[in-house]
Each structure stands twice: as C-alpha cells, then as structure tokens.
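S.K.: Take the position in the sequence shown, starting the count at 1, then add 66; the result is the number in the numbering used here. The structure follows.
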Amino acid sequence: MNILVVGATGTLGRQIVRRALQEGHQVRCLVRSLTKATFLREWGAELSPGNLCYPETLLPALEGMDVVIDAATARPTDAIGIREVDWQGKVSLIQAMVQTGVKRLIFFSILGCERYPQVPLMSVKAATEAFLAESGLDYTILAPAGFYQGLIGQFAIPILEEQSVWLTGTSAAVAYMDTQDIAWLALRSLEVPTTIGQKLPVVGPRAWTSEEIIALCERLSGKTAKVLRVPLGVLTTTRQILRGFQWTWNMADRLAFAALLARGEILDADMTPVYQQLGVSPTEITTLEDYLAEYFARILQKLKERHYELDRQKRQEAQKRQRRRPFKASAKSGS
Ligand SMILES: NC(=O)c1ccc[n+]([C@@H]2O[C@H](COP(=O)([O-])OP(=O)(O)OC[C@H]3O[C@@H](n4cnc5c(N)ncnc54)[C@H](OP(=O)(O)O)[C@@H]3O)[C@@H](O)[C@H]2O)c1
Numbered sequence: 067m068n069i070l071v072v073g074a075t076g077t078l079g080r081q082i083v084r085r086a087l088q089e090g091h092q093v094r095c096l097v098r099s100l101t102k103a104t105f106l107r108e109w110g111a112e113l114s115p116g117n118l119c120y121p122e123t124l125l126p127a128l129e130g131m132d133v134v135i136d137a138a139t140a141r142p143t144d145a146i147g148i149r150e151v152d153w154q155g156k157v158s159l160i161q162a163m164v165q166t167g168v169k170r171l172i173f174f175s176i177l178g179c180e181r182y183p184q185v186p187l188m189s190v191k192a193a194t195e196a197f198l199a200e201s202g203l204d205y206t207i208l209a210p211a212g213f214y215q216g217l218i219g220q221f222a223i224p225i226l227e228e229q230s231v232w233l234t235g236t237s238a239a240v241a242y243m244d245t246q247d248i249a250w251l252a253l254r255s256l257e258v259p260t261t262i263g264q265k266l267p268v269v270g271p272r273a274w275t276s277e278e279i280i281a282l283c284e285r286l287s288g289k290t291a292k293v294l295r296v297p298l299g300v301l302t303t304t305r306q307i308l309r310g311f312q313w314t315w316n317m318a319d320r321l322a323f324a325a326l327l328a329r330g331e332i333l334d335a336d337m338t339p340v341y342q343q344l345g346v347s348p349t350e351i352t353t354l355e356d357y358l359a360e361y362f363a364r365i366l367q368k369l370k371e372r373h374y375e376l377d378r379q380k381r382q383e384a385q386k387r388q389r390r391r392p393f394k395a396s397a398k399s400g401s
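Laid out in structure tokens, this is it:
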C-alpha cells in the first residue's frame with residue numbers, strides 16, 4: 067500500500083513509519099522540517115514538505131496515496147496550538163482527502179475524549195470524530211490512553227538521576243501502551259475491513275497509577291524515588307494564569323489534561339474484542355513490566371560500562387603519574 071503518515075517525526079508516528087516499511091509498504095511522510103526528518107528518509111520513507119496549517123501543502127502529499135495514517139498533534143512548545151493543528155489542520159486534511167479521493171484514514175484520538183469536554187484537546191478530538199463520521203471517508207479511529215515512552219521522562223529518568231518526581235492529587239490509573247504495539251495494531255486495522263467506521267481503544271494490558279509505576283521503577287533501578295506532591299488547586303490556578311497568554315494556550319490545555327488525571331480517573335478499556343477483530347493474541351502485547359525492565363537493564367548496563375571506563379582511565383592516569391615520579395626524583399638528585 068502507499069501510505070501517507072502525518073506526524074511521522076512524533077513518538078508514535080515514527081513507529082508507524084518503521085513498522086509500515088518493515089511490512090513492505092511504500093511510505094510518504096508529511097513533514098514540517100526536512101532536516102528534522104532526515105532519519106525517516108534514511109529508513110526508506112519519502113518526505114513531502116508540508117504543514118497541516120497550510121492546506122495547499124496537503125494536496126501534493128496525498129497524490130497517489132491509498133491510505134493516510136494521522137498521528138499528528140500540536141507540540142506543547144509550538145506557538146500554534148491545538149485549535150489550529152488538531153482542529154483546523156485536521157479538517158483541512160479530511161477535506162483534502164475528500165477532494166483527492168484518498169478514502170482510507172486511520173485517525174488517532176484519545177480514549178474517552180467524549181466524556182471530558184472541559185479538556186480542550188479532548189473536546190477537539192471528539193469534534194474531529196464527529197466531523198469524520200460525516201465525511202464519507204473510510205476511517206478508523208484508534209483511541210490510546212497514553213504511551214509507555216512518555217513514562218521514561220516522567221518517572222524513569224528522574225528516579226535514576228535522583229531528581230524529584232512530581233505528583234498531583236490522587237493519580238489516575240491509565241492503561242498505557244507501547245507505541246510499537248499501537249503502530250502494529252494500526253497497520254493490522256488496515257487489513258481488516260470491519261474496522262471501517264469504527265472507534266477502537268488501543269490500551270495496554272492493565273491500568274497503572276503513578277504510585278504503582280514509581281514502585282516498579284524503584285524495584286527495577288534499585289533507587290528510591292523523591293516524590294513531591296503538588297496540590298490540585300495550585301495546578302488549577304496556574305492553568306487560569308496561563309490562559310491569559312496566547313502563546314501559552316497549548317501549555318494551558320496540557321495542564322487541563324493533567325488536572326483531569328489528578329482527579330483519579332481511570333483510563334482503561336476491554337481490548338478482548340479488538341484483539342479478536344484484528345486477529346492478534348494479547349500475549350504478543352508488551353507489558354509495562356517488560357518494557358521498563360528492558361529499559362533499565364539497558365541503561366544500567368551503559369552506566370556500568372561508563373563507570374568501568376572512568377575507572378580504567380583513572381587507573382591509567384595513576385600509572386602514568388607513577389612512571390613520571392622516578393624520573394623527577396633522579397633529575398632532582400642529579401642537580
Ligand atoms: N502522547 C500520548 O500519551 C497520547 C495519548 C493519547 C492519544 N495520543 C494521540 O496520538 C497521536 C500521536 O501523539 P504523539 O505523542 O506521538 O505526538 P508527538 O510526539 O507530540 O508528535 C506530534 C507530531 O505532529 C507533528 N505536527 C505538529 N504540528 C504539525 C503541523 N502543524 N503540521 C504537520 N505536522 C505537525 C509533529 O511534527 P514536528 O516534529 O515537526 O513537530 C510531530 O511529528 C496524537 O494524535 C495524539 O493526540 C497521544
């Protein structure tokens with residue numbers, strides 16, 4: 067298949083590109099920066115410069131494509147926000163697909179977005195789902211709750227580096243999933259026509275609270291986490307302050323999401339029907355225990371090698387100093 071991946075440089079998007087290439091598909095990526103996307107070209111993908119906010123760039127990217135997989139979302143660090151990228155940008159993409167006759171779309175939403183209209187990104191995702199339903203496209207909506215990859219920066223690295231881990235209120239239980247598995251399920255759904263017009267959850271084997279993830283990281287790293295709790299009120303006030311500034315809207319949206327998680331919600335779903343429909347065995351899905359065990363084993367091995375190398379360099383320096391001493395001593399005695 068000829069697949070256009072939007073958001074290909076992102077955490078999930080790059081896994082979709084990699085998996086699609088491994089499966090033998092022709093992959094084109096709509097990218098904002100050719101330089102930043104060099105690695106995708108090296109993997110074997112074609113790059114098409116473009117931006118969801120510039121509709122005229124979408125038509126050439128869609129030319130000759132059978133399928134679009136859209137894993138783009140506004141970056142919290144960008145000046146443009148969720149409304150421009152996740153709403154207007156996605157409407158432009160859907161309209162461009164209708165115009166060019168590329169009918170098949172995999173769209174990434176968020177699990178349970180329809181239940182939280184007070185969270186801007188959730189409400190935009192729900193609105194896009196409704197827009198898609200009227201579009202006439204052959205779409206499938208995949209709804210993750212969170213990614214294992216995000217837990218590395220949030221928990222694993224701070225615990226390893228003995229930095230503080232920030233928690234707010236009662237932590238939500240979230241059924242995170244490995245983006246490699248999500249990419250695999252996305253490509254599987256292209257092979258299964260009954261997924262057309264459906265919304266499927268894509269969540270991991272179980273929901274984890276932040277406290278449980280911290281305990282798991284502590285066990286695997288052999289370190290004790292320094293946990294700092296921020297009251298929910300502080301987070302809410304910060305969000306209101308941030309709302310006043312256009313350039314931080316995106317960050318304010320993210321904080322709204324964090325505030326939701328701090329209320330102890332459960333983001334989980336039964337994956338049994340999805341696995342049956344896609345012909346996938348649940349035993350093939352990576353557990354968080356396995357994912358983090360592999361991560362810590364790799365990092366701890368690297369740290370061990372680095373310490374060994376530093377020790378070796380210190381020993382060599384000491385030996386060099388030792389060798390220089392007799393020369394200096396004899397030079398002194400000769401004078
Ligand atoms: N992360 C999560 O925990 C989570 C949970 C549930 C659902 N999701 C959904 O899963 C999808 C993938 O999320 P992610 O975390 O992998 O995203 P990400 O890492 O933040 O990557 C975002 C991608 O979107 C691209 N992008 C941003 N603005 C764009 C624009 N104006 N035009 C074209 N491309 C643009 C970025 O390109 P640049 O590299 O140029 O910035 C990047 O490739 C999203 O739909 C997200 O809403 C994510």
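Every residue, glycine too, gets a C-beta built ideally from N, C-alpha and C.
Cβ atoms of S276 and L233: under 8 Å apart, would you say?
M.R.: Their beta carbons are under 8 Å apart, which means L233 touches S276 by this criterion.
S.K.: Using the Cα positions of G400 and A384, report the straight-line distance between them to the nearest angstrom.
M.R.: In this prediction, G400 has a pLDDT of 44, which is less than 50 and means its spatial position is unreliable; what the coordinates show is noted afterwards. About 25 Å.
S.K.: State yes or no: is the C-beta of I262 within less than 8 Å of the C-beta of D356?
M.R.: No. Outside cutoff.
S.K.: Does K368 come out as helix, strand or coil in the three-state DSSP assignment?
M.R.: Helix, per DSSP.
S.K.: What does the Cβ neighbour count give for Q81, buried or exposed, with the cut at 16 atoms within 10 Å?
M.R.: Buried.
S.K.: Reducing DSSP to helix, strand and coil, say where S401 ends up.
M.R.: Only weak support exists for where S401 lies, its pLDDT of 38 falling under 50; the coordinates are left without a value.
S.K.: In the DSSP output, which residue or residues are listed as bridge partners for P115?
M.R.: Paired residue(s): V97.
S.K.: Could you work out which residue in F213, R98, T123 and R372 is closest to Q161 when comparing CA atoms only?
M.R.: Among F213, R98, T123 and R372, the Cα nearest to that of Q161 is on T123.
S.K.: Would P348 be called buried (16 or more neighbouring beta carbons within 10 Å of its own) or exposed?
M.R.: So P348 ends up on the exposed side.
S.K.: Would you give the residue range spanned by the beta strand (DSSP E) that Y205 belongs to?
M.R.: Note, Y205: beta strand (DSSP E), D204 to P210.
S.K.: Measuring from the CB of A252, is there a heavy atom of ligand 1 at a distance below 7 Å?
M.R.: No, the beta carbon of A252 sits no closer than 7 Å to any heavy atom of ligand 1.
S.K.: For A397, count the other beta carbons within 10 Å of its own beta carbon; 16 or more makes it buried, fewer makes it exposed. Which is it?
M.R.: Summary for A397: the model assigns pLDDT 48, below 50, so the residue's position carries little reliability; its value from the coordinates is reported in the next sentence. Exposed, by the Cβ-count rule.
S.K.: Following the continuous beta strand (DSSP E) through P267, name the residue where it begins and the one where it ends.
M.R.: Per DSSP, P267 belongs to the beta strand (DSSP E) from K265 to V268.
S.K.: Distance, Cα to Cα, E350 vs E257?
M.R.: Roughly 18 Å separates the two Cα atoms.
S.K.: Give me the Cα-Cα distance between V83 and K380, rounded to the nearest whole angstrom.
M.R.: Near 44 Å, if we compare the C-alpha coordinates of K380 and V83.
S.K.: Give every residue of the same chain whose Cβ lies closer than 8 Å to the Cβ of L294, excluding the five residues on either side of it in the sequence, and list them in chain order.
M.R.: Result list for L294: S230, V231, W232 and L233, in chain order.
S.K.: Does the beta-carbon of K102, which I'm using as the reference point, lie nearer than 7 Å to any heavy atom of ligand 1?
M.R.: It does: the Cβ of K102 is within 7 Å (strictly closer) of some heavy atom of ligand 1.
S.K.: To the nearest angstrom, how far is it from the Cα of E360 to the Cα of E375?
M.R.: Their backbone Cα atoms lie some 23 Å apart in a straight line.
S.K.: For a test of your reading of the model: does the CB of P121 fall under 7 Å from any non-hydrogen atom of ligand 3? Yes or no.
M.R.: This structure lacks ligand 3; its bound ligands are ligand 1.
S.K.: For the beta strand (DSSP E) containing L70, list its first residue and its last residue.
M.R.: Element bounds for L70: N68 to V72.
S.K.: Let me know the secondary structure DSSP gives L177 once reduced to three states.
M.R.: Correct three-state label for L177: coil.
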